[in-house]
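Engineer:
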DNA sequence: CAGTGGTCTAGACCACTTA
DNA sequence: AAGTGGTCTAGACCACTGA
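Chains as they are written, first to last, in my numbering: chain C, 400 to 655; chain E, 400 to 655.
Structural data, given as structure tokens:
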């Protein structure tokens, strides 16, 4: 059932300008669908109802549902298969690994590289001020700190520090093993789907720890990726700082 | 007039699978529009015909034209204004500067910074092997090398080396002054519109020249952006290597 | 074969711009 | 008032999937 009724303006002789914050029908429908995914009514991997069924349920035309689902698909929130149906996207697929992991070999190959997992440590503690700012946490909130190394072609190339709010991911510090793609864990176990990641890139010097882990001289330039991942509801849910040895691999972006 | 007739399959009792490389109508229409822009039949800033007029001309429905134009708009190739019409995008606008210039202040501000131009040198010479590979040039082709400094808040923060095929941009080395956004010059004077830029980011050490220009110690880590810009027809038209002092500014990306 | 998403059409009405 | 893009509908037919 619909939580909030759609407000239909076009075709109802109501001047749109008289409605504050008016959104066209297809955007309202889109918002309904996002809420269903983000609140778990539609679960990752599950098939969602057909366009026709949704159109009937919401009392709109199939074209309007389709336009909303086009947007969902372009944002990788759903996956559509002609003849089969539409499915809530899972972060477990290989494509999800590469969605947020943009390291690749340099030109001319430019192929994405598949990182392996190296050493890993996990502990929980109180959040410091920077962490509270990044993750919008209250004073005294607890966080989990994960540190790990990523290998490429067997050699350590990236060190990562990952900070998670323990309140959002209870017991994650007690997991025996963490997967290569944490985002599938967030989604599968905790129902948290990442919608966008905001990254800031800098060049920094390797400190002693970086240098030892990566087998470099201290002071060697590293590419630092400072990323805050945001969930479907807009809440920041992960702060991750990766430092990469970019002598053999690069961070690849296509700007449109 | 249409250069190549559209091949209509749907609705013509022709099984689509029997046509090799079949593209749906709206994609064919999209390709026609891109060609018109890339070949200059529709010029930057100019209004293009209305959806109805284009639908009549091409013998398709307005909805099909709209779908093609939706794609163009999402790629920033055209600009649509309700009540006014659709216009070929110009690279002269402020938004175009930021489209390919992604340096910003760090969180929490995260606002884009507007770079000023510092020193600049321009010379032309034969392309070396790397340049020929990057720009797909023939042996003996000539290139223009532009070196310049970009200032942020008045202080030099970025050094750039820009390599252009002289064949594509004849006389560009004789221009008195080059604009801050070269892409507007490429488009306005030479009819070359950039569709995508492929960037590779690395952390590197400042060499002596970098250090002197940026007021740093040699060896200081710099963020190196290695970018090849590609025109609408798929041809690489610019190779640019920027080295940035990222102590006060960062390269900002939002990954969806 | 029925059901799904993908393509395409025709037409209505709306809001915005310009004249 | 006329013309533009924006929204929305209803319906046809297509290609693909799985029973």
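Note that CB positions come from ideal geometry on N, CA and C, so glycine has one too.
1) Compare the C-beta of residue 592 of chain C with all C-beta atoms of chain E and state if any pair is closer than 9 Å.
2) Using the beta-carbon count (16 or more within 10 Å), is residue 516 of chain C buried or exposed?
3) Just checking, does the region 469 to 485 of chain E make contact with the region 440 to 454 of chain E on the three C-beta pairs under 8 Å criterion?
4) Going by C-alpha to C-alpha distance, which of E/579, E/592, E/560, E/617 sits closest to residue 638 of chain E?
5) Sorted by chain position, which residues of the same chain lie with C-beta nearer than 8 Å to residue 400 of chain E's C-beta, five sequence neighbours on each side aside?
6) For the region 591 to 619 of chain E, which residues have a CB atom closer than 7 Å to at least one CB atom of chain C, in sequence order?
7) Please report the straight-line C-alpha distance between residue 467 of chain E and residue 630 of chain E, rounded to a whole angstrom.
8) May I have the straight-line CA-CA distance separating residue 641 of chain C from residue 478 of chain C, to the nearest angstrom?
9) Per DSSP, which residues does residue 519 of chain E bridge with? Please list them.
10) Classify residue 695 of chain C: buried if its beta carbon has 16 or more other beta carbons within 10 angstroms, exposed otherwise.
11) How far does the beta strand (DSSP E) with residue 409 of chain C in it extend, from its first residue to its last?
12) Mark residue 463 of chain C as exposed unless 16 or more other C-beta atoms lie within 10 angstroms of its C-beta, in which case mark it buried.
13) For the alpha helix (DSSP H) that residue 557 of chain E lies in, which residues bound it at each end?
14) Are three or more beta carbon pairs between the region 524 to 544 of chain E and the region 488 to 505 of chain E nearer than 8 Å?
15) With a threshold of 9 Å between beta carbons, is residue 446 of chain C in contact with chain E?
16) According to the Cβ coordinates, are residue 521 of chain E and residue 574 of chain E closer than 9 Å?
17) Report yes if the C-beta distance between residue 655 of chain E and residue 474 of chain C is below 9 Å; otherwise report no.
18) List the residues of chain C that residue 531 of chain E touches, going by C-beta distances under 7 Å, in chain order.
19) Kindly list the residues whose CB is nearer than 7 Å to the CB of residue 591 of chain E, restricted to its own chain and excluding five residues on each side of it in sequence; keep chain order.
20) Just list the alpha helix (DSSP H) runs in the region 422 to 492 of chain E, keeping only unbroken ones of 4 residues or longer that don't cross its boundaries, in chain order.
21) Which residues in the same chain as residue 610 of chain E place their Cβ atom closer than 7 Å to its Cβ, once the five residues preceding and following it in sequence are excluded?
22) Tell me, to the nearest whole angstrom, how far the beta carbon of residue 612 of chain E is from that of residue 548 of chain E; I am working on the premise that it is less than 8 Å.
23) Do residue 651 of chain C and residue 599 of chain E have their C-beta atoms within less than 9 Å of each other?
24) Could you tell me which of C/648, C/649, C/633 sits nearest to residue 438 of chain C, measuring between CA atoms?
25) Can you list, in chain order, the residues of its chain whose CB lies under 7 Å from that of residue 505 of chain E, leaving out five sequence neighbours each side?
26) What do you get for residue 647 of chain C, buried or exposed, if any count of 16 or more other CB atoms within 10 angstroms of its CB means buried?
27) Helix, strand or coil, according to DSSP, for residue 599 of chain C in the structure here?
Structural biologist: For this structure:
1) no
2) exposed
3) yes
4) E/560
5) Residue placement at residue 400 of chain E cannot be trusted, given a pLDDT of 49 that sits under 50; what the coordinates show is reported in the next sentence. For residue 400 of chain E, where only same-chain residues beyond five positions count, there are no Cβ hits under 8 Å.
6) 595, 596, 597, 598, 599, 600, 601, 602, 603, 604
7) 19 Å
8) 29 Å
9) E/547
10) Chain C is shown only over 400 to 655; residue 695 of chain C falls outside these bounds and no answer can be derived.
11) Here residue 409 of chain C belongs to no beta strand (DSSP E), and DSSP marks it neither H nor E.
12) buried
13) That residue, residue 557 of chain E, is in no alpha helix (DSSP H); its beta strand (DSSP E) goes 554 to 564.
14) no
15) no
16) yes
17) yes
18) In chain order: nothing, as chain C lies at least about 12 Å away.
19) 567, 585, 630, 636
20) 424 to 437, 450 to 457, 461 to 473
21) 616, 617, 619
22) 6 Å
23) yes
24) C/633
25) 649
26) exposed
27) strand
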